[in-house]
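Residue numbers (this note's numbering), protein chains in the order written: chain A, 14 to 501; chain B, 14 to 501. We treat Cβ as the ideally placed atom computed from N, Cα and C, and that holds for glycine. This one's a predicted model, so the numbers in the text were calculated from it and none came from an experiment. The structure appears below as C-alpha cells.
Protein chains: 2
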Amino acid sequence: MKSDRPLARAPRGFIDRRARDLGAERTIVERIVPVYERYGFEALETGALEYADALGKFLPDADRPNEGVFALQDDDGEWMALRYDLTAPLARFAAANWDGLPKPFRRYAVGTVWRNEKPGPGRFREFVQCDADTVGSARPESDAEVIALMAEGLEAIGLPRGQAVVKINSRRLMNGLLATAGVTDAGQTLGVLRAVDKLDRLGLEGVKLLLGEGRKDESGAFTKGAGLQAAAIDRVLAFVSAGSEGRSETLDRLANVIGGSAEGDAGLEELGRIHQALTALGVGADRAVFDPAIVRGLEYYTGAVFEAELLLETLDEKGQPVRFGSLGGGGRYDDLVARFTGEQVPATGCSFGVSRLAAALRAAGRDPAAEQRGPVVVIAFDQARMADYFAIAGELRAAGIAAEVYLGGSGMKAQMKYADRRLSPAAVIVGEDELAAGTVTIKDLDLGRELASKVADNAAWRAERPGQQSLPRAELIPAIRRILDARA
Amino acid sequence: MKSDRPLARAPRGFIDRRARDLGAERTIVERIVPVYERYGFEALETGALEYADALGKFLPDADRPNEGVFALQDDDGEWMALRYDLTAPLARFAAANWDGLPKPFRRYAVGTVWRNEKPGPGRFREFVQCDADTVGSARPESDAEVIALMAEGLEAIGLPRGQAVVKINSRRLMNGLLATAGVTDAGQTLGVLRAVDKLDRLGLEGVKLLLGEGRKDESGAFTKGAGLQAAAIDRVLAFVSAGSEGRSETLDRLANVIGGSAEGDAGLEELGRIHQALTALGVGADRAVFDPAIVRGLEYYTGAVFEAELLLETLDEKGQPVRFGSLGGGGRYDDLVARFTGEQVPATGCSFGVSRLAAALRAAGRDPAAEQRGPVVVIAFDQARMADYFAIAGELRAAGIAAEVYLGGSGMKAQMKYADRRLSPAAVIVGEDELAAGTVTIKDLDLGRELASKVADNAAWRAERPGQQSLPRAELIPAIRRILDARA
C-alpha cells in the first residue's frame, strides 16, 4: 500500500543551509555592503518575479545555451519568471523610473537569483548575488570605480591583498584585434574567442593550434581550429601575451598589436582612463590588472569587462591543485535599458556570488563563521523548578548571553549531549543542593570538548568532571563570561 | 505600428523598494535577529521553491479560501511552488533531518514568502517574514518562550513597552467552551468563532445578536446568527469577557465558565504553565495577556495561539482612527511534521511580517530609517582634473565617509541638484583657484536644505551662499565630519 504522505525532500538543486553556512554568508554581506555604500551606491530591492518579456534572454554565459528560467503564468495569462540575475530587473526598474531618478543612478542589491539548470554536485539552482551598478554614465571612470569597489570588497570580506585580483579586458580591444587580424567571419570570430579562452589550460602552444588548423588532445580527440593565417595567428598570440605586471606596459604592448584600428584605439583610450582613475583611487596593479586573455562575458558586455579571481592555489577533493576560478565579474552594458525605452543608456556594474565568496574564504583559511557558538543550556534538572531555570535563562539573556532552558523530555545525560551538540559554551545545573545553598553548578563544555579531543582515556577524565564548578548564584554571569572570553 | 519592445513594469502585486524602505526593514531584522539568537534559536534557510505536495495547503487565514501559491512544473514533471510561509518548509526540513537534529530543534528564519492573491493597494504578493519555532517540545513552557521572544522582539525593534502587547488564547479553551455550551454542530461552531471574532468591531451587544438569531447592520443587511440558546449565549459572552488586566484573574474567570470540561481544564492547565514561565521570564501582563476573544488562527493551530497587536491608535488616510491590527502571530501546531512521517512532533512558533513591523514603527513615530543620508558628492568641475577628484573621494572613503565623484555629463548647477536629491550632506568643489591655493571648497547641503525649508526668499539666501567655506586641503576630512556630526 502506497502512503499518501508527501516525501520530505527539497526540490533538486535546492539546499537547506544551517547556521554555520549562513553565518559565513551573512558576515560577507555585512562586510561588503558598507563598501558599496561608501562608494555612494544606494540599496534597491526588486521582486523575485518579473514578466518574462522584461527579463529577456540575457544569461551571460554563452557556453551554457540550455540555461533557462523558472517561468509560470499569472492568472491573467501573462508569463512571469524568477529573476536569473539582478541586472535585468535593474534595467527594467531604470527604464520605468528613469525621469525621476538622480542621474547617474548608482544602486547595489543583495538578492537571490534562480537558474533552471540541470543540478549537480555543488551546482545549485538558487543562489545569492551581491551587485553594484551605475546606470547613466558612459565615462570609463565609472568602470574604474566598479573595479575599485570589487578590489576593496574582496579585501573587506577578508581576502588579504595579493590573494585575489580583478582582471580587466574590453570588448573594444578584442574588436580591434579582430579588425587588425582581418577576422570578419562570425564563425571565425567565435573560434578565436574560444581559443583565447583556453589559454589558461592549454598555454600559448595549444592556443596557436586552435587558432590555426586545430588541435588533437591527449585522448586523441581532434578540435577543429579557427583556420587563421600565420600572420593573424601571431597577432592574436601577441595580443593575449601582452598582459604584464604593470598596467601601462600592458597598454603599450597592446598598442603595438592593435593600435591604428578605430575600435582598438577606442579600447586603448578607454583602458587608459580606467588606469588613471584606478591609480588616483590608490588601486595598483597588485589589485587590478589588464588581461587581454579574459574572454568570458565579452559577448554579453559592450565595453570593459571585469573578472575577479582567487590567486591562491586550491586543492580539489583528491588533493590535486585546481584553479579556483572566478569570484565574480562584471562589465559595461550599454544596451540593456534601451530594450525597453529605445534610448541607449550607458551602464556598468559588477556581481559577486555570495556562496562563491564564502568558498573562497574557506579555501584561503579565513572562514568568518569558523567560531560558531551555541547558547548556554540551563539543564531541566527538576521539573518542579522550571520557573527558577527560566529566571536564570532570562538573567543570562538580559546580560546579552544566548541561553535556553532544555525543553525536551529527556534525562540529564541526554541533556548534556544536547548542549554539546549545540556547541554550547556551558551548561548550568541547579538541583536541590544548589537551591538550598544558593549556588549554581556550571560545566565548561568548551573545556570538555577541548579535553575530549586530546585525552585518550575518556572515561577517566569524565570521572574527574573537568571544568565543573559550583559557585554562589550571584557569580553566575561573571563565570559564564569568563568561559566565553577564554575562547573568544 | 506596435513596438516589439517589452513594457518596463513589475508584475502585479510586486514592488520595487528603495533605500529608505529597505533601511527600515534591514534595521528591524538587525534588531530582532539577536533576540532570536539570545533565546537559543539557530538560523536556517531553506529554498524558495518546494515540491507542491510538501507545502500542502495550510494557509493560516481561513477567511480567504481562494488564496493560492505560485506553482510551476519542473522539467521532470514534478510540481513545485514558491513557499507561502516559512513554517511548511520547516516542517519538511524537520521531517527530513529529524534523526540528526539536536532536539528540541529551535530555528529562526528570515525569508521572503509569496502568496498568489489578488493584489490591491498595500496588499502585495511578496513579503519578508521573520520566524522563530521550536520543534520537538510539547511543554507549554516552549510556548511561553515564544511569547516572551515576541514581546522582547517588539521592544528591540523600537516599540516602547505599552505600545504593543501579545495576546494569548488556546484552541483547547475554545473547545472547552464549545463543550460546556453544548455546541457540537460544525456550522454552529463556525458561527460562534465568527461572532467572537467581531467583538472588537461590534461589541458585546453585536456578538450577542450574532450568537443568537442574527443581526441587521446599519445598511439594513441581515447576517444570520449561530442560533444558540440563551444559556449558551451567556456562557460565550462570559467567556469572551473574561479577559482582564491580570493573567491569573483571567484564568480564574475562565475556570468559572469552562472549568470541568476535559478540554477546558487542559487548556487552563496549559495557560497556567505559560503564565508561570512568563512570570519567571519577567514578562508581565503589560506585555502578554490572555484574551479569550482571539480567534484568528484557531483553526490552524492545535494548542496555544498568540497574536501581537499595536495598542497605539492610528489614523487612516482620511484621518479616521483605525485599529492597526496584527503585527504578527503564532501558536502551537503539533500535526505539521506528522504529515510527512506519520509520527506526531509537537511544535510551536511565531512569525512577524517585517514590512508590517516597519509600518508599525512609522505609525509610532519611530521609523528607524528616518535619517537616510546620501554620499558626499565631489563635483566634476574640471574634466582635466578627474584624477584629483577621485583621489579626494578615495580619501573620504578611507576615512569611512560615503563619497562619490559626479560621473554624469551635466554642468555645475545640475551636479548640485543631483547632490541635493541624493540627500548628500556636502558637496566638495575643487577648481583651478583651489588647486593653485591648495584648498577645497565645501558646501554644507544639510544646512542648505534646512535654510531652504525656512527662508521664504530663496534667491536672497542663495546669493549669500550659506554654508559654503574654503579651507586648506588637509582640513577636508575634519570639516566633512563636523557637517555629518551636526545632524547625527
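### Query
Less than 8 Å separating the beta-carbons of E283 (chain A) and S183 (chain A)?
Your numbering for residue 283 (chain A) matches position 270 in the first sequence. Your numbering for residue 183 (chain A) matches position 170 in the first sequence. Yes. Within cutoff.
#### Entry: Cβ of M429 (chain A) within 8 Å of any chain B Cβ
As a position in the first sequence, residue 429 (chain A) is number 416, starting the count at 1. By this cut-off, M429 (chain A) is not an interface position.
### Query
Going by C-alpha distance, which of A:G195, A:S232, A:G421 is nearest G240 (chain A)?
One-based indexing of the first sequence puts residue 240 (chain A) at position 227. Nearest option by C-alpha distance: A:G195.
### F106 (chain B): contacting residues in chain A (beta-carbon distance under 9 Å)
Locating residue 106 (chain B) in the second sequence gives position 93, where the first residue counts as 1. The answer, in chain order, is A21, A23, D29.
### Query
For G124 (chain A), which residues does DSSP report across the bridge?
Here residue 124 (chain A) refers to the residue found at position 111 of the first sequence. Looking at the DSSP assignment, G124 (chain A) forms a beta bridge with A:Q142.
### Query
If contact means a Cβ-Cβ distance below 9 Å, which residues of the segment 285-317 of chain A contact chain B?
R286, Q289, A290, L291, T292, A293, L294, G295, V296
### Task
List the residues of chain A that A400 (chain B) touches, going by C-beta distances under 8 Å, in chain order.
To locate residue 400 (chain B), count along the second sequence from 1; it is residue 387. Within 8 Å Cβ-Cβ: Q289, A290, T292, A293.
### Query
Are the beta-carbon atoms of D457 (chain B) and A439 (chain B) separated by less than 8 Å?
Here residue 457 (chain B) refers to the residue found at position 444 when the second sequence is read from its first residue. Here residue 439 (chain B) refers to the residue found at position 426 when the second sequence is read from its first residue. Against a cut-off of 8 Å, the Cβ pair of A439 (chain B) and D457 (chain B) comes out as a contact.
### Task
Please name the residue, chosen from B:K237, B:E231, B:D210, that lies closest to L222 (chain B) on a Cα-to-Cα basis.
Taking the first residue of the second sequence as 1, we reach residue 222 (chain B) at position 209. Among B:K237, B:E231, B:D210, the Cα nearest to that of L222 (chain B) belongs to B:K237.
#### Entry: Boundaries (first-last residue) of the beta strand (DSSP E) holding S261 (chain B)
Numbered from its first residue, the second sequence carries residue 261 (chain B) at position 248. Taken as a continuous stretch (DSSP letters only), S261 (chain B) belongs to no beta strand (DSSP E), being part of the alpha helix (DSSP H) at 260-271.
### Task
Kindly list the residues whose CB is nearer than 7 Å to the CB of G444 (chain B), restricted to its own chain and excluding five residues on each side of it in sequence; keep chain order.
Along the second sequence, read from residue 1 onward, the residue named residue 444 (chain B) stands at position 431. Only F394, D395 meet the Cβ criterion.
### Task
Measure the C-alpha to C-alpha separation of A377 (chain A) and K467 (chain A) and round it to an integer number of angstroms.
Residue mapping note: residue 377 (chain A) aligns to position 364 of the first sequence, counting from 1. Residue mapping note: residue 467 (chain A) aligns to position 454 of the first sequence, counting from 1. So the alpha carbons of these two residues sit roughly 26 Å apart.
### Task
Output the distance between the C-alpha atoms of F106 (chain B) and V141 (chain B), rounded to the nearest integer angstrom.
For the purposes of this step, residue 106 (chain B) is identified with residue 93 of the second sequence, where counting begins at 1. For the purposes of this step, residue 141 (chain B) is identified with residue 128 of the second sequence, where counting begins at 1. The alpha-carbon atoms of F106 (chain B) and V141 (chain B) are separated by roughly 19 Å.
### Query
Mind checking if F319 (chain A) is an interface residue toward chain B, Cβ cutoff 8 Å exclusive?
Numbered from 1 along the first sequence, position 306 holds the residue referred to as residue 319 (chain A). Taking Cβ atoms only, chain B never reaches closer than 8 Å to F319 (chain A), which makes this a no.
### Query
Can you tell me whether DSSP reads G166 (chain A) as helix, strand or coil?
If you number the first sequence from 1, residue 166 (chain A) lands on position 153. Note: G166 (chain A) maps to helix in three-state DSSP.
### Query
If you draw a straight line from the alpha carbon of A108 (chain B) to that of R185 (chain A), how long is it in whole angstroms?
Position 95 of the second sequence, counted from the first residue, corresponds to residue 108 (chain B). Position 172 of the first sequence, counted from the first residue, corresponds to residue 185 (chain A). Answer to the nearest angstrom: the Cα atoms are 55 Å apart.
#### Entry: Residues near D210 (chain A) in its chain [Cβ-Cβ closer than 6 Å; skip 5 each side]
Counting from one through the first sequence, the residue named residue 210 (chain A) turns up at place 197. Within the same chain, D210 (chain A) has close Cβ partners V308.
### Chain-order list of residues whose beta-carbon lies under 6 Å from that of E226 (chain B) (same chain, five-residue window excluded)
Position 213 of the second sequence, counted from the start, is the residue given in the question as residue 226 (chain B). Within the same chain, E226 (chain B) has close Cβ partners G238.
### Query
Does the distance from the CB of V317 (chain B) to the CB of I181 (chain B) come in under 8 Å?
Stepping through the second sequence from its first residue, residue 317 (chain B) is reached at position 304. Stepping through the second sequence from its first residue, residue 181 (chain B) is reached at position 168. Note that residue 317 (chain B) is Ala in the sequence shown, not Val. Going by C-beta atoms, A317 (chain B) is nearer than 8 Å to I181 (chain B).
#### Entry: Chain-ordered neighbours of L85 (chain B) on chain A, where CB pairs are closer than 8 Å
Along the second sequence, one-based indexing puts residue 85 (chain B) at 72. Chain A residues near L85 (chain B): F83, A84, L85.
### Short CB-CB distance (under 8 Å) between L448 (chain A) and chain B
Translated into the one-based positions of the first sequence, residue 448 (chain A) becomes position 435. No, because no Cβ of chain B sits closer than 8 Å to the Cβ of L448 (chain A).
### Alpha carbon of L436 (chain B) to alpha carbon of G387 (chain B), nearest angstrom
Indexing the second sequence from 1 puts residue 436 (chain B) at position 423. Indexing the second sequence from 1 puts residue 387 (chain B) at position 374. In a straight line, the C-alpha of L436 (chain B) is about 5 Å away from that of G387 (chain B).
### Task
Determine which residues share a DSSP beta bridge with A177 (chain B) and list them.
Numbered from its first residue, the second sequence carries residue 177 (chain B) at position 164. DSSP output for A177 (chain B) lists B:L323 as bridge partner(s).
### Query
Buried or exposed: where does V335 (chain B) fall if 16 or more other Cβ atoms within 10 Å of its Cβ makes it buried?
Stepping through the second sequence from its first residue, residue 335 (chain B) is reached at position 322. Classification for V335 (chain B): exposed.
### Message
Quick check on A21 (chain A): buried or exposed, where buried means 16 or more other Cβ atoms within 10 Å of its Cβ?
### Response
Position 8 of the first sequence, counted from the first residue, corresponds to residue 21 (chain A). A21 (chain A) sits buried, since 16 or more C-beta atoms from the chains shown fall within 10 Å of its C-beta.
#### Entry: Rounded Cβ spacing between L281 (chain A) and L267 (chain A) (contact assumed at less than 8 Å)
Translated into the one-based positions of the first sequence, residue 281 (chain A) becomes position 268. Translated into the one-based positions of the first sequence, residue 267 (chain A) becomes position 254. Contact check for L281 (chain A) and L267 (chain A): beta-carbon distance about 6 Å, within the 8 Å limit, so the pair qualifies.
### Query
Alpha carbon to alpha carbon, what distance is there between G295 (chain B) and L409 (chain B)?
Here the question's residue 409 (chain B) lines up with position 396 in the second sequence. Here the question's residue 295 (chain B) lines up with position 282 in the second sequence. Whole-angstrom Cα-Cα distance: 47 Å.
### Task
Closer than 7 Å by C-beta to A67 (chain B): which residues in its own chain qualify, once you throw out the five before and the five after it? Chain order, please.
Sequence index remark: in the second sequence, residue 67 (chain B) carries index 54 (1-based). The answer, listed in chain order, is R105.
### Sufficient close CB pairs (3 or more, under 8 Å) joining the segment 353-372 of chain B to the segment 23-42 of chain B
yes
### Task
Please look up how many angstroms separate the CB atoms of V302 (chain A) and G166 (chain A), rounded, as I've assumed it's under 8 Å.
Working through the first sequence from its first residue, we reach residue 302 (chain A) at position 289. Working through the first sequence from its first residue, we reach residue 166 (chain A) at position 153. Rounded, the Cβ-Cβ distance is 17 Å, inconsistent with contact.
### Query
Between P73 (chain A) and L35 (chain A), what straight-line distance do the alpha-carbon atoms span, to the nearest angstrom?
Mapped onto the first sequence, residue 73 (chain A) falls at position 60. Mapped onto the first sequence, residue 35 (chain A) falls at position 22. Only weak support exists for where P73 (chain A) lies, its pLDDT of 48 falling under 50; the value from the coordinates is given anyway. Approximately 27 Å, taken between the alpha carbons.
### Task
May I ask you to report which of helix, strand or coil DSSP gives R495 (chain A)?
The residue labelled residue 495 (chain A) in the question sits at position 482 within the first sequence. In the structure shown, the three-state DSSP call for R495 (chain A) is helix.
### Message
Could you check whether L311 (chain B) and L323 (chain B) sit closer than 8 Å to each other, using their CB atoms as the reference points?
### Response
Here the question's residue 323 (chain B) lines up with position 310 in the second sequence. Here the question's residue 311 (chain B) lines up with position 298 in the second sequence. L311 (chain B) sits away from L323 (chain B), with the two beta carbons spaced by 8 Å or more.
### Inter-residue Cα distance where the pair is F252 (chain B) and R30 (chain A)
As a position in the second sequence, residue 252 (chain B) is number 239, starting the count at 1. As a position in the first sequence, residue 30 (chain A) is number 17, starting the count at 1. Each residue's alpha carbon lies about 45 Å from the other.
### Query
Since F365 (chain A) is in the beta strand (DSSP E), which residue starts that stretch and which ends it?
The residue you call residue 365 (chain A) lines up with position 352 of the first sequence. Per DSSP, F365 (chain A) belongs to the beta strand (DSSP E) from 360-366.
#### Entry: Proximal residues to L191 (chain A) (C-beta, below 8 Å), its chain only, five neighbours per side dropped
As a first step, residue 191 (chain A) is located in the first sequence; it is residue number 178 there, counting from the start. Excluding positions up to five away in sequence, the list reads T197, T202, V205.
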